[in-house]
Amino acid sequence: MRELSLKDASVEHEERILSPWALAMKRFMRNKLAIAGLAVLGVITLLCIIGPILSPYDILETNILNTKKPPSAKHWLGTDIAGRDVLLRLLYGGRISLTVGLVSTIINLFIGVLVGGIAGYYGGKLDGFLMRVTDIFMSLPLLPVLLVLASIISDLQITPEIRIYYVMFIIGALTWPSLARLVRGQILSLREQEFMLATEALGLTDGRKIFRHLIPNVIPIIVVNTTLNIGGSIIIESTLSFLGLGVAPPYPSWGNMVNVVNDFKEFRLRPWLWVPPGIMIFLTVMAINFIGNGLRDAFDPKMKQ
Amino acid sequence: MKEYIIRRLLQYIPILIVTALIIFTIVALIPGDYIDSVASSNPKYTAEKIAALKAKYGFDKPILQRFLIWIGNALKLDFGESLSYQRPVTEVISYFMWNSFYLAAIAFLLEIVIAIPIGIISATRQYSKLDFTVTAFSMIGLSMPSFFLGLLLKKIFCIDLQLLPLAGMRTVGVQYTGFVAFWDVFKHMLLPVVVLALQGMGSWMLYTRSSMLDVIKQDYIRTARAKGLSERVVIYKHALRNAMIPIVNLLGMSIPGLFTGAIITEQVFAYPGVGKAAVDALSKRDYMFVVGFNLFAALMLFLGNLLSDIAMAMVDPRIKLK
Numbered sequence: 278m279r280e281l282s283l284k285d286a287s288v289e290h291e292e293r294i295l296s297p298w299a300l301a302m303k304r305f306m307r308n309k310l311a312i313a314g315l316a317v318l319g320v321i322t323l324l325c326i327i328g329p330i331l332s333p334y335d336i337l338e339t340n341i342l343n344t345k346k347p348p349s350a351k352h353w354l355g356t357d358i359a360g361r362d363v364l365l366r367l368l369y370g371g372r373i374s375l376t377v378g379l380v381s382t383i384i385n386l387f388i389g390v391l392v393g394g395i396a397g398y399y400g401g402k403l404d405g406f407l408m409r410v411t412d413i414f415m416s417l418p419l420l421p422v423l424l425v426l427a428s429i430i431s432d433l434q435i436t437p438e439i440r441i442y443y444v445m446f447i448i449g450a451l452t453w454p455s456l457a458r459l460v461r462g463q464i465l466s467l468r469e470q471e472f473m474l475a476t477e478a479l480g481l482t483d484g485r486k487i488f489r490h491l492i493p494n495v496i497p498i499i500v501v502n503t504t505l506n507i508g509g510s511i512i513i514e515s516t517l518s519f520l521g522l523g524v525a526p527p528y529p530s531w532g533n534m535v536n537v538v539n540d541f542k543e544f545r546l547r548p549w550l551w552v553p554p555g556i557m558i559f560l561t562v563m564a565i566n567f568i569g570n571g572l573r574d575a576f577d578p579k580m581k582q
Numbered sequence: 342m343k344e345y346i347i348r349r350l351l352q353y354i355p356i357l358i359v360t361a362l363i364i365f366t367i368v369a370l371i372p373g374d375y376i377d378s379v380a381s382s383n384p385k386y387t388a389e390k391i392a393a394l395k396a397k398y399g400f401d402k403p404i405l406q407r408f409l410i411w412i413g414n415a416l417k418l419d420f421g422e423s424l425s426y427q428r429p430v431t432e433v434i435s436y437f438m439w440n441s442f443y444l445a446a447i448a449f450l451l452e453i454v455i456a457i458p459i460g461i462i463s464a465t466r467q468y469s470k471l472d473f474t475v476t477a478f479s480m481i482g483l484s485m486p487s488f489f490l491g492l493l494l495k496k497i498f499c500i501d502l503q504l505l506p507l508a509g510m511r512t513v514g515v516q517y518t519g520f521v522a523f524w525d526v527f528k529h530m531l532l533p534v535v536v537l538a539l540q541g542m543g544s545w546m547l548y549t550r551s552s553m554l555d556v557i558k559q560d561y562i563r564t565a566r567a568k569g570l571s572e573r574v575v576i577y578k579h580a581l582r583n584a585m586i587p588i589v590n591l592l593g594m595s596i597p598g599l600f601t602g603a604i605i606t607e608q609v610f611a612y613p614g615v616g617k618a619a620v621d622a623l624s625k626r627d628y629m630f631v632v633g634f635n636l637f638a639a640l641m642l643f644l645g646n647l648l649s650d651i652a653m654a655m656v657d658p659r660i661k662l663k
């Protein structure tokens, strides 16, 4: 008798109606690739945060007696041209690359959602104007223009520390138009739906309409886009830094560590200098892409099995 | 259709002018110019000579005035002179453009011939081992930065195995003819093509797969199956036609981009394409060329959008261009 009631209770528990968010969460947790991506990204982030603290070396410490050494027990990934520990630089570079990816995505998110949201919600002349601006930004070829902007920054003689912020800014400031269009399109189609008419009929305030009814419906697409954008920004940063136009020494980033290949001897003889950062970029971006795709599948009811 | 194209072109003109102004301004904001860049490595350039040269090329005038002069000439299809090549910008671009096009076009053909069929098969067997492998492979291709993939292949095949030449498009200093010349270019182009194709294949596979999945889940496909049609007819006749619409759209969009060059891959393999020429020009402060190249890339972007609209209208009778 007692067993039966327990069973009943569990059935009741199973049948509890889940909110769309909880459903999406459940679907996400079932996606093995997405969970693997989350785990890999978590480990990389933790290593980059904790690693430099535990390292016996100092990030700016050079040692001219111990340069260009292959990996050993003392220096797991060897040392570079200035005798610095490559592993420490790799982890420190990870901090910078991850931060650049994250911050430039936040800038992209801020501008994109603001422009797309306003254009979509208010429509009319404002929409027309904002969309022309978006069109102009979209008509700029991304990589060539980024290269020009980055070479302005590298010629401005600013300190390498400040330069990192400029790099974040230009990446964010050039990648927002696609998000703005996405948000605008989404809001335009939501506005035509019955539940928005209902909010009108109920006499809700603008603020309540926007924040309680529109935004929650737009968030899934923003979350997916933003996640994938972090990966994209990391690739852009590493590409700029690889060309010597992004994050500048002495600060390491995964991209500028690969820059040593411009010295043909380093490229040929010392793969430990440039292979590990390349692998880190690849692993991080892949983990982010898996998470992003997992989120997309989780939010998109069409993909439901 | 003709009306639509003309209207799109007219609408694009103001955007193009603003785009040109933005590109011109940011390029002009880079401190220093080609004269400074040459003079810094050559002590023969005296202050007067530098000033005279700057006056000759108009570098001493304010940005807006320079822009107006430049755009006035641009209307006559004169985009200025590339100082590092001592040739008109249009001539330099059209010279390097074809090298870029050969490289990108071969990779592009490989991508679509391999990736689209695989994407279709992968979608018809969703959640199978094959589908899983295809998705994982695509994600690897999408997540690998092109410079790193290029460097790895170069290290393995050119340095460790010594099978392929390191850089360029032809072996320098020898004049091959006939098949030997072809073989020489082939060996030089192999790795850059592989890098571009591996990267592109990922997105084409994912795109085809998801477009196919969208269609397969629609009601008319269920109806086709319910009618008792064979699976082959359902997939390759009923589903494929509609699944190809977004693919054709993307194909149209990609074609003009084949001319703008793969900046990073060309750079890694020192391949003489327009993308590498642009990066070189940037470091030499050859601004007319940089402006010309950026504008050329913007134009190709626009052409891609236009082409994709036209392609859509051609394959999808539901779409009418107005």
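As given, the protein sequences belong to chains A and B, one line each in that order. Using the working numbering, read the first sequence as starting at 278 and increasing by one per residue. Using the working numbering, read the second sequence as starting at 342 and increasing by one per residue. From the three backbone atoms N, C-alpha and C, an ideal C-beta is built for every residue, glycine too. Bear in mind the structure is a predicted one, so any value in this text is a computation, not a measurement.
query: Applying the criterion that 16 or more other CB atoms from any shown protein chain within 10 Å of the CB defines a buried residue, is residue 463(A) buried or exposed?
result: Translated into the one-based positions of the first sequence, residue 463(A) becomes position 186. Flag for residue 463(A) reads buried.
message: Using 8 Å as the cut-off, can you tell me whether the region 487–494 of chain B makes contact with the region 552–569 of chain B, which would need three or more C-beta pairs spanning the two stretches below that distance?
response: Touching, no.
task: Count the CB pairs spanning the region 384–398 of chain A and the region 352–363 of chain A that are closer than 8 Å, and state whether there are at least three.
output: Judged by Cβ distances under 8 Å, the region 384–398 of chain A makes no contact with the region 352–363 of chain A, as fewer than three pairs qualify.
query: Buried or exposed: residue 365(B), going by 16 or more other Cβ atoms within 10 Å of its Cβ?
result: Translated into the one-based positions of the second sequence, residue 365(B) becomes position 24. The Cβ neighbour count for residue 365(B), taken over all protein chains shown within 10 Å, is at least 16; the residue is labelled buried.
- request: Compute the distance between the beta-carbons of residue 480(B) and residue 543(B), then report whether it is under 8 Å.
  value: As a position in the second sequence, residue 480(B) is number 139, starting the count at 1. As a position in the second sequence, residue 543(B) is number 202, starting the count at 1. The answer is yes: Cβ separation under 8 Å.
- request: Rounded to whole angstroms, what's the CA-CA distance from residue 580(A) to residue 471(B)? Just pull it up for me.
  value: As a working mapping, residue 580(A) is identified with position 303 in the first sequence. As a working mapping, residue 471(B) is identified with position 130 in the second sequence. Its pLDDT being 48, under 50, residue 580(A) is placed unreliably by the model, and the measurement read from it follows with that caveat. The straight-line gap from Cα to Cα measures roughly 18 Å.
task: Note the first and the last residue of the continuous alpha helix (DSSP H) segment covering residue 531(A).
output: As a first step, residue 531(A) is located in the first sequence; it is residue number 254 there, counting from the start. The continuous alpha helix (DSSP H) containing residue 531(A) extends over residues 531–535.
field: Residues in the region 357–372 of chain B having any Cβ partner in chain A nearer than 8 Å
entry: Against chain A - using a Cβ distance shorter than 8 Å - the residues of the region 357–372 of chain B are 357, 359, 360, 363, 364, 367, 368, 370, 371 and 372.
query: So with Cβ pairs under 8 Å, would you call residue 545(A) a contact of chain B?
result: Looking up residue 545(A) in the first sequence gives position 268. Using beta-carbon distances, residue 545(A) counts as an interface residue toward chain B, with a partner under 8 Å.
field: Closest by C-alpha distance to residue 637(B), when choosing among 602(B), 606(B) and 621(B)
entry: Stepping through the second sequence from its first residue, residue 637(B) is reached at position 296. Looking at 602(B), 606(B) and 621(B), the one whose alpha-carbon comes closest to that of residue 637(B) is 602(B).
- prompt: the region 600–621 of chain B: which residues have C-beta closer than 8 Å to a C-beta of chain A, in chain order?
  reply: Taking 8 Å as the Cβ-Cβ cut-off against chain A, the residues of the region 600–621 of chain B that qualify are 601, 604, 605, 608, 619 and 620.
Closest Cα partner of residue 478(B) within the set 629(B), 446(B) and 545(B): Counted from its first residue, the second sequence places residue 478(B) at position 137. Distances from the CA of residue 478(B) to each of 629(B), 446(B) and 545(B) were compared; the closest alpha carbon is that of 545(B).
task: Tell me whether residue 429(B) sits in a helix, a strand or coil according to DSSP, three-state version.
output: Your numbering for residue 429(B) matches position 88 in the second sequence. Of the three classes helix, strand and coil, the one that applies to residue 429(B) here is strand, per DSSP.
field: Local conformation of residue 483(A) per DSSP, three classes
entry: On the first sequence, residue 483(A) is found 206 positions in, with the first residue counted as 1. DSSP places residue 483(A) in helix when its eight states are reduced to three.
query: When the Cα atoms are used, what is the spatial distance from residue 399(A) to residue 513(A)?
result: In the first sequence, residue 399(A) corresponds to position 122, counting from 1. In the first sequence, residue 513(A) corresponds to position 236, counting from 1. The straight-line gap from Cα to Cα measures roughly 33 Å.
query: Which of helix, strand or coil does DSSP assign to residue 471(A)?
result: What you label residue 471(A) is simply residue 194 of the first sequence in a count that begins at 1. Three-state DSSP puts residue 471(A) in a helix.
field: The alpha helix (DSSP H) enclosing residue 635(B), as first and last residue numbers
entry: Your numbering for residue 635(B) matches position 294 in the second sequence. Segment 628–656, the alpha helix (DSSP H) holding residue 635(B).
query: Since residue 488(B) and residue 516(A) are thought to touch, with beta carbons under 8 Å apart, how far apart are those beta carbons, to the nearest angstrom?
result: Locating residue 488(B) in the second sequence gives position 147, where the first residue counts as 1. Locating residue 516(A) in the first sequence gives position 239, where the first residue counts as 1. 6 Å between Cβ atoms; contact.
- request: Check the Cβ-Cβ distances between residue 423(A) and every residue of chain B, and say whether any is below 8 Å.
  value: On the first sequence, position 146 is the one that residue 423(A) refers to. With 8 Å as the cut-off, residue 423(A) does not count as an interface residue toward chain B.
query: Is it buried or exposed for residue 401(A), if we count other Cβ within 10 angstroms and need 16 for buried?
result: Within the first sequence, residue 401(A) is the residue found at index 124, counting from 1. Taking all protein chains shown into account, residue 401(A) has fewer than 16 neighbouring C-beta atoms within 10 Å of its C-beta and is therefore exposed.
field: Coil, strand or helix - residue 581(A) by DSSP
entry: As a first step, residue 581(A) is located in the first sequence; it is residue number 304 there, counting from the start. Low confidence applies to residue 581(A): its pLDDT is 41, below 50, so where it sits in the model is not reliable enough to give any reading.
- prompt: For residue 296(A), which three-state DSSP category applies?
  reply: For the purposes of this step, residue 296(A) is identified with residue 19 of the first sequence, where counting begins at 1. Coil.
- prompt: Taking just the CA atoms, how far does residue 451(A) sit from residue 583(A)?
  reply: Because chain A here runs from 278 to 582, residue 583(A) falls outside it and cannot be looked at.
query: Taking Cβ-Cβ distances shorter than 8 Å, what residues in chain B pair up with residue 551(A)?
result: For the purposes of this step, residue 551(A) is taken as the residue at position 274 of the first sequence. Within chain B, the residues near residue 551(A) are 492.
Distance between residue 414(A) and residue 640(B) (C-alpha atoms, nearest Å): As a position in the second sequence, residue 640(B) is number 299, starting the count at 1. As a position in the first sequence, residue 414(A) is number 137, starting the count at 1. The alpha-carbon atoms of residue 640(B) and residue 414(A) are separated by roughly 13 Å.
message: Short of 8 Å in beta carbon distance, which residues of its chain neighbour residue 504(B), apart from the five on each side in sequence? Order them along the chain.
response: For the purposes of this step, residue 504(B) is taken as residue 163 along the second sequence, with counting starting at 1. Excluding positions up to five away in sequence, the list reads 498.
query: Applying a beta-carbon distance threshold of less than 8 Å, which residues of chain B neighbour residue 540(A)?
result: Position 263 of the first sequence, counted from the first residue, corresponds to residue 540(A). Within chain B, no C-beta atom comes nearer than 8 Å to that of residue 540(A); the closest sits roughly 13 Å away.
- prompt: DSSP on residue 422(B), reduced to helix/strand/coil?
  reply: By 1-based counting over the second sequence, the position of residue 422(B) is 81. Strand.
message: Rounded to whole angstroms, what is the Cα-Cα separation between residue 626(B) and residue 300(A)?
response: As a first step, residue 626(B) is located in the second sequence; it is residue number 285 there, counting from the start. As a first step, residue 300(A) is located in the first sequence; it is residue number 23 there, counting from the start. When rounded, the distance between both Cα atoms is 55 Å.
- request: Measure how close the beta-carbons of residue 425(A) and residue 635(B) come, nearest whole angstrom, since I'm counting them as under 8 Å.
  value: Numbered from its first residue, the first sequence carries residue 425(A) at position 148. Numbered from its first residue, the second sequence carries residue 635(B) at position 294. Between residue 635(B) and residue 425(A) the Cβ distance is about 7 Å, and since that is below 8 Å, they are a contact.
query: Hey, residue 460(A) and residue 500(A) are a contact pair by Cβ (cut 8 Å); roughly how many whole angstroms apart?
result: If you number the first sequence from 1, residue 460(A) lands on position 183. If you number the first sequence from 1, residue 500(A) lands on position 223. Incorrect: roughly 12 Å between the Cβ atoms, too far for contact.
- request: Please list the partners that residue 548(A) has in chain B, where partner means a Cβ-to-Cβ separation under 7 Å.
  value: Working through the first sequence from its first residue, we reach residue 548(A) at position 271. 496, listed in chain order.
task: Below 7 Å CB to CB, which residues in the same chain sit around residue 399(B) once its five sequence neighbours on both sides are set aside?
output: Start at 1 with the first residue of the second sequence, and residue 399(B) comes out as number 58. So the qualifying residues of the chain are 407 and 410.
- prompt: How should residue 436(A) be labelled, buried or exposed, when 16 other C-beta atoms within 10 angstroms of its C-beta is the threshold for buried?
  reply: As a working note, residue 436(A) is residue 159 in the first sequence. That one is exposed.
Validate contact between the region 437–454 of chain B and the region 605–621 of chain B using beta carbons, cut 8 Å, 3 pairs: Two segments are said to touch when three or more pairs of C-beta atoms, one from each, lie closer than 8 Å; by this definition the region 437–454 of chain B touches the region 605–621 of chain B.
task: With DSSP as the reference, please indicate the residues paired to residue 476(A) in a beta bridge.
output: Your numbering for residue 476(A) matches position 199 in the first sequence. DSSP, once it has assigned bridges, lists no residue as partnering residue 476(A).
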